[in-house]
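Colleague:
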Amino acid sequence: MEPTQAASVELRHERDRFVAFAFAAADLLLEVGADGLVIFAAGAARRLTGRAAEALVGTPIEGLLIPPDFRLVAALLLKLEGGQRLAPTRVKMAQATDGAGQALLSVFRLPQNKVCHVALCELPSGSQEEPRDAATGLLTAESFNSRMEAYLAASSDGGMSRKLSLVEIPGLARLSEPGPELDRLLADIGAALRVIASDSGLAGRLNEERFGVVQGKYAEAGELADSLKAIAASVSAAIGPVAIGVSNLDLANPPGSAADRVRAVRYALRQFAASGAAGLSGTSLWQSLEEMTSAAAGRIQSVREAVKDGQIKLIYQPVVRLEDRKLHHYEALARRDDVASIAEFVQFAEQVDLICEIDMAVVQGVLRTLRSSDRSVKIAANLSAKSIENDRFMSDLRRSLKTMGVPAERLLFEVTETTEFADLAKAESVLNSLQAMGHAVCLDDFGAGAASMRYIQALSVDFVKIDGRFIQERAAGPRDRAILEAIVTLCRSVSIKTIVEMVETEEQSARASSLAIDFGQGYLFGRPAPMP
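Numbering (the working numbering), first residue to last: 60 to 591.
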């Protein structure tokens, strides 16, 4: 074989080898020019795009993807420099067939070359995908918060060397009626945030007008603000001025342990999502959130000390049978002398995942009281939904109950509805296990939360405590009475006893009795006391 011929054969072998490597890692290969048009296509084009490979040549790559994702790809291609490779990004195809709707997209630009090489790897049908906001392509608030906590916990430096940017667009929800300009604005905002978070993937929509993003290591100073300002300017003619505020939160070296840093960041994000810049103290959003994060870490330490040092006190309020006003049991109520609102204290503990420690302290306190009380005394202890869904807490609780030294029927559990159950089937299994041990279970504040009806359908409880607002004088009209009658009838039909709280007058007690409610609790029957 002639040298030139041998060299030609070797080049073909080398070419075939690289093609084989490419197809080993991807299902569809595209070459995209500086204008965003496809120059070359090979692979499973019809399955992923609904068109033959040759039909893709000359078409814009953005048209192959759903709007939020093609906005992202367009922004990535503009940002990518020669010799750079973008980490695989999950995208959705616009015209996929046979259920091939999701793919991982990777891009590489050759040095000193404006052409980009794109590889699309099909993801299995039904593969797990994090919940995303349809309009922006960003993670939902819950998914973003969860991902961020995992990222911070896994980072060797606590993730604190990265910059957390918080974006607020006041009035975004009221800009205009839905239409193409608003759709474009939302898609472009999502793309800008996802570009900034390219290697972290941490970009989320916290609510309709607020967003969060952990800036990637390649993000340039001021890049996010500049991108968003350009986006706002591009749509201002169609939908009016769009104000965009961007603030960066420096999380370096906040007080507390690594776990407490995660809790503090979670708390700060929730507060920002709920209140935005206007609801925060301080001269700037950056300063406010930094102060909030530090304050949250301090409060977390305070909660821990309160549990450790026995600062959480218990008082006991009677629950009586309405027909004869005989005592049935007491409810243990937690109090702390140095906080104005125990409800706010408990809510904060739930937000930063310290409620399990408080619930365990309450149960242990109730057990001590039961051991020193008359054998006829029964007491109900409150359990948060978060504690019930926490496997470690329930394991520790069952261990304590097995050695508590008092009959199981003397200890009841009230399930509070301050936070909703994430997994009702799991909650039912846990509550059934407590009932199997001999403990009665009560669903607290029925009718106060949106989840009440789902709970009564999914959870086999012994008692339902009806929100006391239904029995107050101001709620004594025919509408409230009809709702209350429906609740009582429903509970009676499934053999659940009813308790009404906040009974303060004889008229309220008579109203409850006329509706055949079984038990009452309130100042009329006894105020909370240090001992049963």
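Each residue gets a CB set at the ideal place from its N, CA and C atoms; glycine is no exception.
For clarity, every value in this text was computed on a predicted model and none was experimentally measured.
Going straight from the alpha carbon of Val272 to that of Val97, what length do you get?
Modeller: If I take the Cα positions, the gap works out to 31 angstroms.
Colleague: Expressed to the nearest angstrom, what Euclidean distance is found between the alpha-carbon atoms of Gly109 and Gly122?
Modeller: 12 angstroms
Colleague: Where does Leu96 fall in DSSP's three states?
Modeller: Of the three classes helix, strand and coil, the one that applies to Leu96 here is strand, per DSSP.
Colleague: Might you give, ordered along the chain, the residues of its own chain that have their beta carbon closer than 7 angstroms to the beta carbon of Glu498, omitting 5 neighbours on each side?
Modeller: The question names Glu, yet the displayed sequence has His at residue 498. A distance below 7 angstroms between beta-carbons, with the five flanking residues on each side excluded, links His498 to the following residues of its chain, in chain order: Ala467, Leu470, Leu471, Phe472.
Colleague: Name the residue from Thr195, Leu328, Leu89, Ala440 whose alpha carbon lies nearest to the alpha carbon of Lys372.
Modeller: Ala440
Colleague: First and last residue of the alpha helix (DSSP H) that includes Tyr389?
Modeller: Bounds of any alpha helix (DSSP H) do not take in Tyr389; it lies within the beta strand (DSSP E) bounded by 386 to 394.
Colleague: Skipping 5 residues on each side, what residues in its chain have a beta carbon closer than 6 angstroms to that of Thr342?
Modeller: Below a pLDDT of 50, predicted positions are generally treated as unreliable, and Thr342, at 38, falls in that range; the measurement from the model is reported next regardless. Around Thr342: no qualifying Cβ.
Colleague: Considering only residues of the same chain and omitting the five flanking positions on each side of Gly218, which have a CB-CB separation below 6 angstroms?
Modeller: Low confidence applies here, because Gly218 scores a pLDDT of 46, under 50, leaving its location unreliable and the question unanswered by this model.
Colleague: According to the neighbour-count rule (16 or more other Cβ atoms, all chains shown, within 10 Å of its Cβ), is Leu344 buried or exposed?
Modeller: Confidence in Leu344 is poor, its pLDDT being 40 and thus under 50, which makes the residue's placement unreliable; the coordinate value appears in the next sentence. Classification of Leu344: buried, given that the 10 Å Cβ count is 16 or more.
Colleague: Could you check how far apart the C-beta atoms of Leu231 and Glu268 are, in whole angstroms? I think they sit under 8 angstroms.
Modeller: 4 angstroms
Colleague: Are there 16 or more other CB atoms within 10 angstroms of the CB of Arg570, so buried, or fewer, so exposed?
Modeller: buried
Colleague: Tell me the DSSP secondary structure of Arg380 in three-state form.
Modeller: The three-state reading of DSSP puts Arg380 in strand, counting E and B together.
Colleague: Measuring only the C-alpha atoms, how far is Ala393 from Ile298?
Modeller: 52 angstroms
Colleague: For a minimum of 3 consecutive residues, which ranges assigned as the beta strand (DSSP E) are wholly contained in the region 219 to 256?
Modeller: Along the length of the region 219 to 256, whole beta strand (DSSP E) runs at least 3 residues long occupy 222 to 227, reported in chain order.
Colleague: Taking 8 angstroms as the cut-off, is the beta-carbon of Leu460 closer than that to any non-hydrogen atom of the ligand NAD?
Modeller: With respect to small molecules bound, the structure shown includes none, and the ligand NAD cannot be examined in it.
Colleague: For Glu140, collect the residues of the same chain with a Cβ closer than 8 angstroms to its Cβ; drop the 5 residues on either side in sequence, then sort them by chain order.
Modeller: Arg168
Colleague: Pick from Ala162, Asn204, Pro190: whose alpha carbon is nearest that of Leu179?
Modeller: Ala162
Colleague: Of the choices Ser334, Ile558, Val132, whose alpha-carbon is the least far from that of Val500?
Modeller: When each option's Cα is compared against that of Val500, the closest is Ile558.
Colleague: Kindly indicate which three-state DSSP category Tyr582 falls into: helix, strand or coil?
Modeller: Of the three classes helix, strand and coil, the one that applies to Tyr582 here is coil, per DSSP.
Colleague: Run the CB neighbour count on Ser431, radius 10 Å, all protein chains shown included, and call it buried at 16 or more, exposed below.
Modeller: exposed
Colleague: Just to confirm, are Val553 and Leu574 a CB contact at a threshold of 9 angstroms?
Modeller: no
Colleague: For the putative contact between Val378 and Phe578, defined by C-beta atoms under 8 angstroms, what is the C-beta separation to the nearest angstrom?
Modeller: 5 angstroms
Colleague: Please report how far the alpha carbon of Glu189 lies from the alpha carbon of Pro119, in whole angstroms.
Modeller: 27 angstroms
Colleague: Quick one: grab the DSSP three-state call for Glu279.
Modeller: coil
Colleague: Grouping DSSP H, G and I as helix and E and B as strand, with all else coil, what is Gln494?
Modeller: helix
Colleague: List the endpoints of the continuous alpha helix (DSSP H) containing Gln423.
Modeller: 414 to 431
Colleague: When the Cα atoms are used, what is the spatial distance from Pro170 to His176?
Modeller: 12 angstroms
Colleague: Between the C-alpha atoms of Ala111 and Lys151, what's the straight-line distance to the nearest angstrom?
Modeller: 18 angstroms
Colleague: Would you give the residue range spanned by the alpha helix (DSSP H) that Thr548 belongs to?
Modeller: First-last of the alpha helix (DSSP H) with Thr548: 537 to 552.
Colleague: How many angstroms separate the CA atom of Gly335 from the CA atom of Arg264?
Modeller: 13 angstroms
Colleague: So for Ile303, helix, strand or coil by DSSP?
Modeller: Reduced to three states, the DSSP call for Ile303 is coil.
Colleague: Alpha carbon to alpha carbon, what distance is there between Leu135 and Gln531?
Modeller: 60 angstroms
Colleague: Can you tell me whether Ile259 is buried or exposed? The criterion is at least 16 other CB atoms within 10 Å of its CB, across all chains shown.
Modeller: The amino acid occupying residue 259 in the given sequence is Ser; Ile does not appear at that position. Per the 10 Å Cβ criterion, buried.
Colleague: Given a cut-off of 9 angstroms, decide if Ala292 and Leu245 are closer than it, judged by their beta-carbon atoms.
Modeller: No Cβ-Cβ contact shorter than 9 angstroms links Leu245 with Ala292.
Colleague: Using 9 angstroms as the threshold, is the C-beta distance between Ile255 and Leu283 below it?
Modeller: yes
Colleague: Considering only the beta carbon of each residue, do Thr148 and Leu164 sit closer than 9 angstroms?
Modeller: yes
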